[in-house]
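Novice:
Number of protein chains: 2
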Amino acid sequence: MLGTLFAASALTAPLAAQEVEDVALTPGGVVKAADPSEWRDIPAEDLLVMTLTPDAAGKTREVVIQLMPEPVSSAWTQNIRTMARAHWWDGLSIYRSVDNWVVQWGNGEDPENPEPKPLPGGIVPTSEDAYTIAWQDGPIRTLWGARGRREVEASSQLAPARKRDNSPDFSDPYSDAFSYVRGLPVAVELGSYEVSDGKAPVMTRPTRVWPVHCYASVGVARDLSPDAGTGAELYAVIGHGPRQLDRNIAVVGKVIEGIEHMAILPRGTGEYGVYETEAEHTPIVSVRLASDLPEQERPRLRYLDTDSASFAKYADVIANRSDDFYKVAAGGADVCNVRVPVKSVED
Amino acid sequence: MLGTLFAASALTAPLAAQEVEDVALTPGGVVKAADPSEWRDIPAEDLLVMTLTPDAAGKTREVVIQLMPEPVSSAWTQNIRTMARAHWWDGLSIYRSVDNWVVQWGNGEDPENPEPKPLPGGIVPTSEDAYTIAWQDGPIRTLWGARGRREVEASSQLAPARKRDNSPDFSDPYSDAFSYVRGLPVAVELGSYEVSDGKAPVMTRPTRVWPVHCYASVGVARDLSPDAGTGAELYAVIGHGPRQLDRNIAVVGKVIEGIEHMAILPRGTGEYGVYETEAEHTPIVSVRLASDLPEQERPRLRYLDTDSASFAKYADVIANRSDDFYKVAAGGADVCNVRVPVKSVED
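From first to last, the protein sequence lines are chains A and B. For the first sequence, position 125 (counting from the first letter as 1) is numbered 125 according to our numbering, and the numbering increases by one without interruption. For the second sequence, position 214 (counting from the first letter as 1) is numbered 214 according to our numbering, and the numbering increases by one without interruption.
(1) Take Ser-291(A) as the anchor and find which of Leu-265(A), Val-64(A), Ser-37(A), Gly-29(A) has the nearest alpha-carbon.
(2) With a threshold of 8 Å, are at least 3 pairs of Cβ atoms found where one atom belongs to the segment 298 to 307 of chain B and the other to the segment 45 to 64 of chain B?
(3) So what does Val-209(A) bridge to, in DSSP terms?
(4) Just to check my reading of the structure: Leu-224(A) and Asp-324(B) have Cβ atoms closer than 8 Å, yes? What is that Cβ distance to the nearest angstrom?
(5) Beta-carbon of Tyr-174(A) versus every beta-carbon of chain B: anything under 8 Å?
(6) Compare the Cα-Cα distances from Gly-191(B) to each of Arg-205(B), Val-152(B), Arg-141(B) and report the closest residue.
(7) In angstroms with no decimal places, state the Cα-to-Cα distance between Lys-327(B) and Arg-247(A).
(8) Looking only at C-alpha atoms, which of Ser-217(A), Leu-265(A), Ile-259(A) sits nearest to Ile-249(A)?
(9) Would you mind sorting Pro-160(A) into buried or exposed? The rule is 16 or more other CB atoms within 10 Å of its CB.
(10) Please list, in chain order, all residues of the same chain as Ala-312(B) whose beta carbon is under 7 Å from its beta carbon, the five residues on each side excluded.
(11) Could you tell me if Ala-199(A) is buried or exposed, where buried requires 16 or more neighbouring beta carbons within 10 angstroms of its beta carbon?
(12) With a cut-off of 8 Å, does the C-beta of Pro-242(B) fall near any C-beta of chain A?
(13) Which ranges would you report for the beta strand (DSSP E) in the segment 24 to 71 of chain B if only whole runs of at least 3 residues count?
(14) Roughly how many whole angstroms lie between the Cα atoms of Asp-169(A) and Glu-189(B)?
(15) Does the beta-carbon distance from Gly-253(A) to Leu-304(A) come in below 8 Å?
(16) Below 7 Å on C-beta distance, what does Pro-266(B) contact in chain A?
(17) Which parts of the segment 272 to 317 of chain A are runs of the beta strand (DSSP E), unbroken and 3 residues or longer, counting only runs that do not cross its ends?
(18) Please name the residues in the segment 84 to 105 of chain B whose beta-carbon is closer than 9 Å to at least one beta-carbon of chain A, in chain order.
(19) Which residue wins for smallest C-alpha separation from Ala-56(A), given the options Ile-123(A), Arg-243(A), Pro-71(A), Pro-283(A)?
(20) Closest Cβ-Cβ distance between Asp-316(A) and chain B: below 8 Å?
(21) Hey, could you find the ends of the beta strand (DSSP E) Glu-257(B) is sitting in?
(22) Would Phe-170(A) pass as an interface residue toward chain B - the criterion being a Cβ-Cβ separation below 8 Å?
(23) Which residue from Ala-146(B), Gly-91(B), Lys-32(B) puts its Cα closest to that of Ser-286(B)?
(24) Under 8 Å between C-beta atoms, does Glu-260(A) make it to chain D?
(25) Name the chain B residues whose beta carbon is nearer than 8 Å to that of Leu-184(A)?
(26) If contact means a Cβ-Cβ distance below 7 Å, which residues of the segment 52 to 63 of chain B contact chain A?
(27) Please name the residue in Val-251(A), Arg-321(A), Gly-332(A), Glu-276(A) whose C-alpha comes closest to that of Ala-187(A).
(28) Write down the C-beta distance between Leu-47(A) and Leu-289(A) rounded to the nearest angstrom, noting that I regard them as a contact closer than 8 Å.
(29) Among the candidates Ser-74(B), Ala-134(B), Ala-333(B), whose CA atom is the shortest distance from the CA of Pro-242(A)?
(30) When Cβ atoms are compared, which residues of the segment 320 to 336 of chain B fall closer than 8 Å to chain A?
(31) Within 10 angstroms of the Cβ of Asp-99(A), are there 16 or more other Cβ atoms? Answer buried if so, exposed if not.
(32) Could you compute how far the alpha carbon of Thr-207(B) sits from the alpha carbon of Ala-309(B)?
(33) Per DSSP, what kind of secondary structure is Val-335(A) in: helix, strand or coil?
(34) In the structure shown, what three-state DSSP assignment does Leu-245(A) receive?
(35) Within a Cβ cutoff of 6 Å, which residues of the same chain sit near Val-345(B), ignoring the five residues on either side of it in sequence?
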């Protein structure tokens, strides 16, 4: 997934094997040693397959997006499924690329045809109120925060706890803690509770959860508030996680294969990084749900369960690298650097 | 610098003007309103100008790197200046690109010529002990941390303070606080102090400072410890800040112009993302210190003083966006999203 930073003179030395085989010390080693029971198949209904025209060398370009599961960003993912089934994006293009920011696609900016393409039937309304959801919907069981990792079983356990000695620091300046919903990263704002002797805690302000902007996150472009976008125009992050967008725009998923096909596109030179000529656009051949593809064409992928023992160890190892290359353990990590491992079902 | 995420239908609406002119509410507005006295010229000796061969369309590609100033990463930047003056990189190439990780250049991986190019004379030894420096050398005056922003005048003031109400959260899971040294981001580990009545505080453990890995940071590739690299092989970050590398490798500066020429290079398909064929390499025409270029060819750039009132306001506005596009203020920010504004002296 990542690479090391060996000088070229060392690249021919047999160091790669250590990275993979050192089960106890490297994130890759922990993932490789994870038990098969700790992996979860991604439902075909949650995979969006975007095929771009071949590149200049004639190589195919396929991008696979894992959609946020219910109840996160629900209206937008419903619309995205409707648009994929209507083949709505077919023939549209990637029309914008801004360095260390996003690549954006959909209707585009065609000076000869400024009218947006009409949406298919069945599009549901969206609301900025749904950028976050209440935790009582129950999507998370494990929290990473300033006090390390904690298992939570009920809202009453979400009250702040003391920091354990030597627990890694997962503090997040953008939230109280982070977690994952079926393999996709979210931030958490802890609610408030009133505790009386002998009584169950009473929630006075609900804990809230929202999907976050990391590298490869996919979001819904929109106009000014109260518009919240339909899902017709999407962007993928190609730089440092722009977390200030969290709670201000709908995040609908994450590119889990092929983000490099977007990241290496030339940056746009027009206003907002929009391409100035049609020739710069990258045409979209098709966007389909994997569940609508013939069985043999479906990507079949799984992610490491973020509530598993191996994922907990994986996060701890990321926060405290101690293999041959690392001399000083960071002592912590941020949500965008604790990326959920994804692999093919065949692997 | 950044862009907005308006849907395409809004891109033709006159919204761009607000982004720039809303002085009080947007980072760009604050920067534009900064007093000329708040800008600092970057010395020509601190600018490394890297010229790549023209791209496929024949357009020139120039990358400008701002080198870390003394006393940070001192031995490596000294070597880099020596190599630039010896024209050592001329004719070498970019030989590696890994998505969401780095682009790397220098000696390369030439299967026909596996011997590294000999270094010029005058290369000084480097040591991993110098990945961090003691704060008493005095490079910083302002700290951003979990308790907001603080001015510091002496070591005794670095002890933890109470969080001010409503101060933005700049907490960093990788350090106690962050700051900047002449426009380049660093992390800070606060030292320990013994305080006795009526006596000056006594430092028992020094505060330490190190340069951090953000998007566009430039570091020194190395072999396994205790090797610390010479500076001959460099990489630039092209993804989410890989902060776990901090204190494990020397950071020598930041790309402040032209990072997109590196970020859009095709990813390498060989081991560690090294290009498998010579044709994939991007040749380096020359690497020069701006101070060694003819006066009229020098880039002349300045950065916003990070101890200035405008930079403090800029960081606060980033942490609490409240312009028309943003509905919910983040309440905090991480060091890699508080990027130091740089502009041409002519602007």
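Cβ atoms here follow ideal geometry from the backbone N, Cα and C, with glycine treated the same way. All figures in this text were calculated on a predicted structure; none of them were measured in a lab.
Specialist: This is what the structure holds:
(1) Indexing the first sequence from 1 puts residue 291(A) at position 291. Check the Cα spacing between Ser-291(A) and each of Leu-265(A), Val-64(A), Ser-37(A), Gly-29(A): the tightest is with Val-64(A).
(2) With a cut-off of 8 Å, the segment 45 to 64 of chain B and the segment 298 to 307 of chain B count as touching, because enough Cβ pairs lie within range.
(3) The sequence position of residue 209(A) within the first sequence is 209, counting from 1. In the DSSP output, where bridge partners are listed per residue, Val-209(A) has Ile-133(A), Val-188(A).
(4) By 1-based counting over the first sequence, the position of residue 224(A) is 224. By 1-based counting over the second sequence, the position of residue 324(B) is 324. Indeed they touch by this definition, with Cβ atoms about 6 Å apart.
(5) Along the first sequence, read from residue 1 onward, the residue named residue 174(A) stands at position 174. Answer yes: the Cβ-Cβ gap between Tyr-174(A) and chain B drops below 8 Å somewhere.
(6) Taking the second sequence and counting its residues from 1, the one referred to as residue 191(B) is at position 191. Cα-wise, what sits closest to Gly-191(B) is Arg-205(B).
(7) Taking the first residue of the second sequence as 1, we reach residue 327(B) at position 327. Taking the first residue of the first sequence as 1, we reach residue 247(A) at position 247. Here the alpha carbons of Arg-247(A) and Lys-327(B) stand approximately 8 Å from one another.
(8) Stepping through the first sequence from its first residue, residue 249(A) is reached at position 249. Sorting Ser-217(A), Leu-265(A), Ile-259(A) by C-alpha distance to the C-alpha of Ile-249(A) places Ser-217(A) at the top.
(9) Against the first sequence, residue 160(A) aligns to sequence position 160. Residue placement at Pro-160(A) is poorly supported in this model, since its pLDDT is 47, which falls under 50; the coordinates still yield a value, given next. The residue in question, Pro-160(A), is exposed, as its Cβ has fewer than 16 Cβ neighbours within 10 Å.
(10) As a first step, residue 312(B) is located in the second sequence; it is residue number 312 there, counting from the start. Counting only Cβ-Cβ distances below 7 Å, and skipping sequence neighbours, we find Arg-149.
(11) Counting from 1 along the first sequence, the entry for residue 199(A) is found at position 199. A small fix is needed here, since residue 199(A) is Lys in this sequence, not Ala. Taking a 10 Å sphere around the C-beta of Lys-199(A), we find fewer than 16 other C-beta atoms and assign the residue as exposed.
(12) Looking up residue 242(B) in the second sequence gives position 242. Closer than 8 Å to some Cβ of chain A, the Cβ of Pro-242(B) qualifies, so yes.
(13) If only uninterrupted beta strand (DSSP E) runs of at least 3 residues are considered, those enclosed by the segment 24 to 71 of chain B are 39 to 41, 47 to 52, 61 to 67.
(14) As a first step, residue 169(A) is located in the first sequence; it is residue number 169 there, counting from the start. As a first step, residue 189(B) is located in the second sequence; it is residue number 189 there, counting from the start. Rounded to whole angstroms, Asp-169(A) to Glu-189(B) spans 14 Å at the Cα level.
(15) Residue 253(A) sits at position 253 when you count from the first residue of the first sequence. Residue 304(A) sits at position 304 when you count from the first residue of the first sequence. Cβ atoms of Gly-253(A) and Leu-304(A): not closer than 8 Å.
(16) The residue labelled residue 266(B) in the question sits at position 266 within the second sequence. Think of a sphere of 7 Å around the beta carbon of Pro-266(B): the chain A residues whose beta carbon falls inside it are Ile-264, in chain order.
(17) Listed in chain order, the complete beta strand (DSSP E) runs (minimum 3 residues) inside the segment 272 to 317 of chain A are 282 to 289, 301 to 304.
(18) Taking 9 Å as the Cβ-Cβ cut-off, the segment 84 to 105 of chain B approaches chain A at Tyr-95, Arg-96, Ser-97, Val-98, Asp-99, Asn-100, Trp-101, Val-102, Gln-104, given in chain order.
(19) Sequence index remark: in the first sequence, residue 56(A) carries index 56 (1-based). Sorting Ile-123(A), Arg-243(A), Pro-71(A), Pro-283(A) by C-alpha distance to the C-alpha of Ala-56(A) places Pro-283(A) at the top.
(20) The residue given as residue 316(A) occupies position 316 in the first sequence. So no, Asp-316(A) is outside the interface.
(21) Here residue 257(B) refers to the residue found at position 257 of the second sequence. Counting along the chain, Glu-257(B) sits inside the beta strand (DSSP E) bounded by residues 251 to 257.
(22) Along the first sequence, read from residue 1 onward, the residue named residue 170(A) stands at position 170. Yes, contact with chain B.
(23) Position 286 of the second sequence, counted from the first residue, corresponds to residue 286(B). Distances from the CA of Ser-286(B) to each of Ala-146(B), Gly-91(B), Lys-32(B) were compared; the closest alpha carbon is that of Gly-91(B).
(24) Included in the structure are the protein chains A and B, with no chain D among them.
(25) To locate residue 184(A), count along the first sequence from 1; it is residue 184. None at all; the shortest Cβ gap to chain B is about 16 Å.
(26) Considering only beta carbons, no part of the segment 52 to 63 of chain B lies closer than 7 Å to chain A.
(27) Sequence index remark: in the first sequence, residue 187(A) carries index 187 (1-based). It is Val-251(A) whose Cα lies nearest to the Cα of Ala-187(A).
(28) For this step, residue 47(A) is matched to residue 47 along the first sequence. For this step, residue 289(A) is matched to residue 289 along the first sequence. With 8 Å as the limit, Leu-47(A) and Leu-289(A) qualify as a contact, their Cβ atoms being about 7 Å apart.
(29) Numbered from 1 along the first sequence, position 242 holds the residue referred to as residue 242(A). A check of alpha carbon separations from Pro-242(A) across Ser-74(B), Ala-134(B), Ala-333(B) identifies Ala-333(B) as the nearest.
(30) The residues in question are Arg-321, Asp-324, Phe-325, Tyr-326, Lys-327, Val-328, Ala-330, Gly-331, Gly-332, Ala-333, Asp-334, Cys-336.
(31) Within the first sequence, residue 99(A) is the residue found at index 99, counting from 1. Per the 10 Å Cβ criterion, buried.
(32) The residue labelled residue 207(B) in the question sits at position 207 within the second sequence. The residue labelled residue 309(B) in the question sits at position 309 within the second sequence. Roughly 25 Å separates the two Cα atoms.
(33) What you label residue 335(A) is simply residue 335 of the first sequence in a count that begins at 1. Val-335(A) carries a helical assignment under DSSP once its states are collapsed to helix, strand and coil.
(34) If you number the first sequence from 1, residue 245(A) lands on position 245. Leu-245(A) falls in the helix class under three-state DSSP.
(35) As a working mapping, residue 345(B) is identified with position 345 in the second sequence. Scanning its chain for C-beta atoms nearer than 6 Å, with the 5 sequence neighbours on each side dropped, one finds around Val-345(B) the residues Arg-300, Arg-302, in chain order.
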